[in-house]
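Numbering (this note's numbering), first residue to last: 61 to 447.
C-beta: ideal position from N, C-alpha, C; glycine also.
Have a look at the structure below, then the notes.
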Ligand SMILES: *Cc1c(COP(=O)(O)O)cnc(C)c1O
């Protein structure tokens, strides 16, 4: 399978060769359990602690503030449930502040905490560009807030959030602030010395690391109840034998990212703009979704009026293009994405969404070819629907 026309880097990325090479010894000869006393254990433990240092350094944190998890979703769950429960137990704070444009690992967790665990979900207003309304956010956060959580960048529509301002609003009120930076981390800088954020979720497979490993940054002194109890791993906050090769791979991916981040941004940002301009210019009844300026440098997302988005994805796939609608919406599910509904798009628009995300294999030729082919596919799609 060729990745020649892969336009779905926001869903996942391939593993970099350097990452695979770094992981390999820990899948084979260096197989020890980091909790064991003997030399196998020591080697594995050293590898985990070296990895922790690398991840911490990337966001200017202390290594003791990094908790390794199994994925970005788990990091989100640990932050919301863990900090939420601790704040409820210690202070009686039971309100959760977030928005309806978050990844499901946030929004569905908040919904469940509301339904079954005695919390109250509070959904801050969202602007048409997908950014949280700051006034609405500030009005909802107070001493009864257990935790507030706003994503650093939106996976579906690319909008970047004003994390600095949001973190400061919460910090002034003594409210824990978490950000889901799983999509943002590959392109945006994060510095926990500059930004008074309480917790940050990271995952490695959105920036050329392995799937199935993530981390939660947790500011020193934050009260948290572990989600998974058992052994004493990860400062007793996340039980379970470490996935050593994946943790090592995650750190290698971060190491590459820290030297290449700027060049990765420069590599994709002009291609993204070419794609956006080309598509808006050639396809009638098209809107860019998300913010036109404050958006991820590799992210272009659209809605086409009166188009069947799933059918369009199938047509693109047949033509050799791997794309996404950006939502969890699978074939056969005619419901529009909650994110597109929340930013105010009507059904005739929101059902025709397309997300094109760029990465290391994307070339100008690929982008030009896609701009060439897409108008025909959209128009065929509209004809099939009788529009
Ligand atoms: C991909 C993604 C997640 C989930 O990460 P996994 O490692 O796949 O669990 C969470 N939030 C955002 C914004 C994402 O893009």
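{"Query": "Per-residue DSSP class, three states only, for residue 155", "Result": "strand"}
{"Query": "Beta-carbon spacing of residue 114, residue 315 below 8 Å", "Result": "yes"}
{"Query": "Inter-stretch contact (C-beta, 8 Å, three-pair minimum) for the segment 214–224 and the segment 101–108", "Result": "no"}
{"Query": "Alpha-carbon to alpha-carbon, residue 446 and residue 368", "Result": "11 Å"}
{"Query": "Neighbourhood of ligand 1 [Cβ distance below 5 Å to any heavy atom], ordered by chain position", "Result": "131, 132, 133, 163, 165, 215, 240, 242, 243 and 263"}
{"Query": "Given 8 Å, three or more beta-carbon pairs between the segment 191–198 and the segment 163–171", "Result": "no"}
{"Query": "Nearest candidate by alpha-carbon position, reference residue 253, set 229, 261, 326 and 279", "Result": "279"}
{"Query": "Same chain, Cβ closer than 7 Å to residue 125, neighbours up to 5 away in sequence not counted", "Result": "116, 277, 278, 279 and 280"}
{"Query": "Selection from 436, 141, 431 and 82 that minimises the alpha carbon distance to residue 337", "Result": "431"}
{"Query": "Minimum C-alpha distance to residue 318 - residue among 72, 74, 119 and 260", "Result": "119"}
{"Query": "Test item: CB-CB of residue 275 and residue 133 under 8 Å", "Result": "no"}
{"Query": "Cβ contact check for the segment 318–332 and the segment 379–386: 3 or more pairs under 8 Å", "Result": "no"}
{"Query": "Where the alpha helix (DSSP H) through residue 197 begins and ends", "Result": "194–200"}
{"Query": "Paired residues, beta bridge with residue 182 - DSSP", "Result": "157"}
{"Query": "N- and C-terminal bounds of the alpha helix (DSSP H) containing residue 306", "Result": "304–342"}
{"Query": "One or two residues paired with residue 347 in a DSSP bridge", "Result": "363"}
{"Query": "Contact under 8 Å by Cβ, residue 201 with residue 230", "Result": "yes"}
{"Query": "Extent of the continuous beta strand (DSSP E) run through residue 24", "Result": "Here the chain covers residues 61 to 447 and nothing more, so residue 24 does not appear."}
{"Query": "Assumed close pair residue 181, residue 284 - CB separation to whole angstroms, cut-off 8 Å", "Result": "Actually they do not touch by this definition, with Cβ atoms about 20 Å apart."}
{"Query": "Residue 81 vs residue 304 beta-carbon contact at 8 Å", "Result": "no"}
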